[in-house]
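The structure appears below as structure tokens.
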Amino acid sequence: MTAEPSRLGAFAGGYQPFPAPVYRFEYQQLLSAGALVDRAGRPVSGAPCPTCDWLVDAFTCPGALPCPRCSVKAEQRCIRPSGHAADRFHTGRVRAAEARDRAREEAGDPTLLAPWPEHPTPNERLLP
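Taking the numbering used here, the leading residue of the sequence shown gets 203, the next gets one more, and so forth.
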């Protein structure tokens, strides 16, 4: 599923060219296809993140920040009290990434993901 180049310009400074996906895998498909755009209307790449193994979108990955709980450096996985790698980021690290993105949004950062259309028409919905 790819967006037509002529359609991308229509959403510059506007909305995503597709309605919001329902499931995470649908979001990942749109991202990996280069179909999502930032607030300047540019396609957002979906390269794999070296820290979290998810696809990189325009938001701050918690792994890009140091963890306030376990004190690991940026680009390292959180560690459990036993010393093993944790399977998830600690809550404080996730909240720090969310705070950074809120500050970016308030500053009008054009590299953030464009918002989704509020009320898609029935024929604009994603197909299975």
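Each residue gets a CB set at the ideal place from its N, CA and C atoms; glycine is no exception.
Everything numeric in this text was worked out from a predicted model, so none of it was measured.
By the neighbour-count definition (other C-beta atoms within 10 Å, threshold 16), R282 is an exposed residue.
Beta bridge pairing from DSSP links V239 with P245. DSSP places A301 within a helical segment (H, G or I) once states are collapsed to three. A direct Cα-to-Cα measurement between P317 and R241 gives close to 8 Å. Straight-line spacing of the CA atoms in V246 and V239 works out to 5 Å. For R290, there is no enclosing alpha helix (DSSP H), as DSSP marks it with neither H nor E.
In this structure, the alpha-carbon of L314 lies about 16 Å from that of A249.
Straight across, the Cα-Cα distance linking C280 with Y217 is about 34 Å.
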